[in-house]
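K.L.:
Quick note on the working numbering: the sequence shown kicks off at -12 and runs consecutively.
Cβ atoms here follow ideal geometry from the backbone N, Cα and C, with glycine treated the same way.
The following block contains the structure, expressed as structure tokens.
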Amino acid sequence: MIQNYGIFLHSHALFWLIAVVLFLLTTVMIRNGKQKPAKMMQMTLRLVYLLVFGTGLIMIFLVPTVNAIIKGILAFALIFMMELITSRMKKGTLTKQQVPVFWGLFIVLLAVVLYFGYFLT
């Protein structure tokens, strides 16, 4: 069963890359007022979130370590933050005070998740 771990690991990393790129593109589209393409990207991004979550769960079940579980919790928080930023930007409810806090949390969580993913698991 662990022999299949590499397949899920590479898929998981690819899905994360796609998620971050789509997230950044979605925020740019929303900021530029292109609502229709932003909505399509956000729906695609949500599908990629499910793929990231699914491959991550499979990897935790294959190799259940404490570091992997902590990374999973932090990654879930990162996905939540990404969704929160895009949703609030789209609705126009992201205040000027929230922008640096949310983006700061996004950057910190992304760095910690990458650290856990590449160096501790």
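The alpha helix (DSSP H) spanning P24 covers which residue range?
P.N.:
22 to 49 is the extent of the alpha helix (DSSP H) around P24.
K.L.:
Can you say whether F106 is buried or exposed, counting buried as having 16 or more other CB atoms within 10 angstroms of its CB?
P.N.:
exposed
K.L.:
By the DSSP assignment, the alpha helix (DSSP H) with N54 in it spans what residues?
P.N.:
Run containing N54: 53 to 78, per the alpha helix (DSSP H) assignment.
K.L.:
Where do the ends of the alpha helix (DSSP H) carrying Y105 lie?
P.N.:
Note, Y105: premise wrong, no alpha helix (DSSP H); not H, not E.
K.L.:
According to DSSP, simplified to helix, strand and coil, what is N19?
P.N.:
coil
K.L.:
So what does DSSP say about T13, is it helix, strand or coil?
P.N.:
helix
K.L.:
Based on Cα-Cα distance, which residue from K21, Q(-10), V39 lies nearest to L4?
P.N.:
For L4, the closest of K21, Q(-10), V39 by C-alpha to C-alpha distance is V39.
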